[in-house]
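No gaps in the numbering here: position 63 of the sequence shown is 754 in my numbering, and each next residue is one more.
Read through the structure below, which is laid out as structure tokens, and then see the notes.
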Amino acid sequence: MDGRYRIGTEQIRLQAVTCHALDTGFDKLFNAETICEKSPSLSDSYDKLFATNVLSLAVSIRVSLNQDPEYRSVSSGVSACGLFDAGAPHRDGSFAVKDVCDKIIHADDIFKPIEPGVRGAGCRLRGTYRGKPWEFGLGVSIFCEYVLEWLDRIDSAARGKTE
692 MDGRYRIGTE QIRLQAVTCH ALDTGFDKLF NAETICEKSP SLSDSYDKLF ATNVLSLAVS
752 IRVSLNQDPE YRSVSSGVSA CGLFDAGAPH RDGSFAVKDV CDKIIHADDI FKPIEPGVRG
812 AGCRLRGTYR GKPWEFGLGV SIFCEYVLEW LDRIDSAARG KTE
């Protein structure tokens, strides 16, 4: 093996759909009437499943799509999916898919806070960089929708090259 991983766009698409479903399903499980008890065990299990899937998506994007120009583009529109606690990595407040993936991969904690009555809340990522704590608010559904659109553009361009 030459050290280059290639995860196909279809697998990344499946991961994005899974993360989107986990994000949107959160409100039905934790902020609506259900028959199950909203126990700490349920919350912990959800957070682990959610974090594992979001991390898997970020790693797949990083190892497979990091050569695509849109991966580093700050004008891609992905900036609508999150909020950096100390400002975005670029002076104009924008950020790229690379920046989101880096935060996900380097986070010490990824979770959805349970806020009664709040629907559609983003997840929180926390970590440290050079001894300083950071936090990033991520709208996983919005990020996944952006990724799904991006994958469609990649696949469309690839089909155009083979025709």
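Glycine included, every Cβ here is placed at the ideal spot set by N, Cα and C.
Treat the numbers as computed from the prediction; the structure is a model and nothing was measured.
Taking C-alpha positions only, R763 is separated from I726 by approximately 44 Å. Counting only residues of its own chain and dropping the five nearest sequence neighbours on each side, L842 has a CB closer than 8 Å to the CB of T700, I703, R704 and A707. Leaving aside the five residues that flank G830 on each side, the residues in its chain whose CB is nearer than 7 Å to its CB run, in chain order, C772, G773 and G813. For I805, the closest C-alpha among the options I698, T709 and L720 is that of L720. Nearest to A742 by alpha-carbon distance, out of N722, Q758, A723 and R815, is R815. Leaving aside the five residues that flank F775 on each side, the residues in its chain whose CB is nearer than 6 Å to its CB run, in chain order, F827. Per DSSP, the unbroken alpha helix (DSSP H) holding R753 starts and ends at P731 to L756.
Residue burial is scored here from C-beta neighbours: A798 has at least 16 other C-beta atoms within 10 angstroms and is therefore classed as buried. Between F834 and V769 the beta-carbon gap is near 7 Å, inside 8 Å, which marks them as a contact. DSSP, reduced to helix, strand and coil, places P824 within a strand of the structure shown. Per DSSP, the continuous alpha helix (DSSP H) segment holding G716 begins and ends at T700 to F721.
In its chain, beyond the 5 residues on either side, I845 have a beta carbon closer than 7 Å to the beta carbon of D759.
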